[in-house]
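Data first, discussion second: the structure below is written as structure tokens.
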Amino acid sequence: MSPSVLCVRLDSAGDVLLAGPALRAVAAGSDRVVLLAGPNGAAAGRLLPGVDEVLEWRCPWIDPTPEAVRADDLAHLVDRVRELRVDVALVLTSFHQSPLPTALLLRQAGVPWVGAISEDYPGALLDLRHRLPGCLLDDLPEAERGLSLARAAGFDLPDGDDGRLRLRRPLPPVASLLGGVERHPYVVVHPGTSVPARAWPAHRHREAVQALRAAGWPVVVTGAAAEAGLTASVAADGALDLGGRTSLGELAAVLAAASVVVAGNTGPAHLAAAVGTPVVSLFAPTVPAQRWAPYGVRVALLGDQEAPCAATRATVCPVPGHPCLTNVPAVDVLAAVADLTGGLDEAATDELEVVR
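What the sequence shown shows, in my numbering, is residues -5 to 350, in sequence order.
Shown next as structure tokens:
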């Protein structure tokens, strides 16, 4: 009899999307997959193939804006997990996160078998302490890191699954949002990021929109409701502004119909990868691109990857002027879009020379 499995990924939407291959591997060898996700990742979890149920909980040792640790909240989670009656739990974490506090709660909930990647001694908390001798596990792309845990636990992708990111299909209809833009090849520009250190400046995004439109590209600007002011400013020169107007599924559909997505190191870049759209990645080196760049699609990586902020995990840039991204000009984005789409026509090439 196949097991019922609880998979845990408690941080952002991008992190949950990158867990997708591991979750599909688990689903291929189990009767039921429940995903325990944080409030920033639950919506992404509901888009993933193989996930039967999403349980949402704000984790005080993972969430970026944590609430106080409360005994009643922990007890409530333990009760909810106990009611699931799962046979196996896999705790998926990033290299800087410990799975052990979560594993302790799972043990209290009576989960009989728990696996995770852990450098710390787990005692009786883990049945599988996954490490790869002779391999720098934390240097793998995040999607492969999670999949390695699933494989170590005895789950693997089915034949024909190439391990790329993927979403449930069909995606929601978005023609009414795009207003005819989808009848032509278009570029999506997503200017928002979860933390300031990963943001290409707003004025650079606006310059890129101007350059793309001058080169003949229709441009769609996307963002969350909280980013509506930013998207309005970036889209002011004739782009379609969808800031705050899409659900996560609708955003995925908008990205899926695009020729290229221009974005920083943020969830929608991984959402673009999950629908197979190439990404111009304005990537601040605060975390390594080899782990966190969009996975499984063509990527043009822009930004100084050797900048002083490299590997600091800073949320606010520690270097005056944020040079690793501020110094990337709009012309580089235009050239990257041209490269990912197979080149510019003659008029667009003339525009590129003007921008230079």
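Heads up, the beta-carbon is just placed ideally off N, CA and C, and yes, glycines get one too.
What is the DSSP secondary structure of residue i, reduced to helix, strand or coil?
i	result
ARG40	coil
ASP339	Legend: pLDDT at ASP339 = 45, less than 50; position of this residue unreliable, value from coordinates given subsequently. In the structure shown, ASP339 sits in coil (DSSP, three-state: anything other than H, G, I, E or B).
GLY140	helix
VAL72	helix
SER92	coil
GLU176	helix
ALA31	strand
SER188	coil
ALA294	strand
ALA308	coil
GLU345	Reliability fails at GLU345, whose pLDDT of 41 lies under 50, so the model's placement of it is uncertain and no value is given.
ALA110	strand
ASP333	helix
ARG350	With a pLDDT of 32 at ARG350, under the threshold of 50, the modelled position of this residue cannot be trusted; read the value that follows with caution. Three-state DSSP puts ARG350 in coil, outside helix and strand.
ARG163	coil
ASP235	strand
SER6	coil
ARG101	helix
VAL327	helix
ARG365	Nothing about residue 365 can be reported from this structure: the residues present for the chain run from -5 to 350 only.
ARG145	helix
From residue i to residue j, what distance separates their C-alpha atoms?
i	j	result
PRO279	LEU11	21 Å
HIS264	LEU99	30 Å
GLN91	LEU296	27 Å
THR260	GLU221	13 Å
CYS1	THR216	30 Å
ASP156	PRO54	35 Å
ALA147	GLY243	31 Å
ARG18	ASP153	12 Å
ASP73	ASP81	15 Å
LEU68	ALA209	55 Å
HIS178	PRO212	8 Å
ALA364	THR59	Residue 364 lies beyond the range of the chain shown here (-5 to 350); nothing can be said about it.
ARG160	THR96	27 Å
LEU236	VAL168	11 Å
LEU224	LEU328	21 Å
THR271	GLY258	15 Å
ALA332	ASP133	30 Å
ALA137	PHE89	12 Å
LEU120	LEU71	19 Å
THR174	GLY232	The sequence given here places Gly at residue 174; Thr does not occur at that position. Taking the straight line joining both Cα atoms gives about 14 Å.
ASP66	GLU300	46 Å
VAL105	ALA144	17 Å
ASP46	PRO317	44 Å
ASP298	LEU319	7 Å
Would you kindly report the start and end of the unbroken alpha helix (DSSP H) that includes residue i?
i	result
ARG207	196 to 208
ARG123	Per DSSP, ARG123 belongs to no alpha helix (DSSP H); it is in the beta strand (DSSP E), 122 to 124.
ARG285	283 to 286
VAL228	222 to 228
ALA21	14 to 22
LEU245	242 to 250
LEU319	317 to 320
ALA263	261 to 268
Just checking my contact of residue i with residue j at CB under 8 Å: how many whole Å lie between their CB atoms?
i	j	result
GLY44	VAL20	7 Å
VAL203	ALA229	7 Å
ALA294	GLU201	Actually they do not touch by this definition, with Cβ atoms about 17 Å apart.
VAL108	VAL85	7 Å
ALA267	TYR289	5 Å
ARG162	LEU42	7 Å
ALA38	ASP150	About 23 Å separates the two Cβ atoms, so there is no contact after all.
PRO135	ARG285	6 Å
Measuring alpha carbon to alpha carbon, tell me which of the options ends up nearest residue i.
i	options	result
GLU113	ALA103, TRP107, THR87 and PRO135	THR87
SER6	ASP73, PRO106, TRP51 and LEU319	TRP51
GLU176	HIS124, ASP150 and ALA252	ALA252
VAL181	THR335, ASP81 and GLY243	THR335
VAL183	VAL214, LEU159 and PRO116	VAL214
VAL313	LEU328, PRO185, ALA118 and PRO302	PRO302
ARG192	LEU328, VAL310, ASP57 and LEU143	VAL310
PRO93	CYS318, GLU77, TYR115 and LEU165	TYR115
VAL48	VAL27, ARG139 and ALA62	VAL27
ALA196	VAL331, SER(-2) and VAL322	VAL322
ASP124	PRO166, GLY223, LEU134 and ALA110	According to the sequence displayed, residue 124 carries His and not Asp. The option with the nearest alpha carbon to HIS124 is ALA110.
VAL274	HIS199, ALA218 and GLY23	HIS199
So, does the CB of residue i fall closer than 9 Å to a CB anywhere in chain D?
i	result
ALA251	Given the protein chain composition of this structure (a single chain), no chain D is represented.
Between which two residues does the beta strand (DSSP E) carrying residue i extend?
i	result
ARG3	-2 to 3
ALA257	254 to 258
LEU84	82 to 85
GLU50	47 to 50
LEU151	Counting along the chain, LEU151 falls outside any beta strand (DSSP E), and DSSP gives it neither H nor E.
LEU276	273 to 276
VAL313	Run containing VAL313: none; DSSP gives neither H nor E here.
VAL63	Premise fails: VAL63 is in no beta strand (DSSP E) and is neither H nor E.
VAL214	213 to 215
Does any heavy atom of the ligand GTP sit closer than 8 Å to the C-beta of residue i?
i	result
PRO93	The ligand GTP is absent from the structure shown, which contains no ligand whatsoever.
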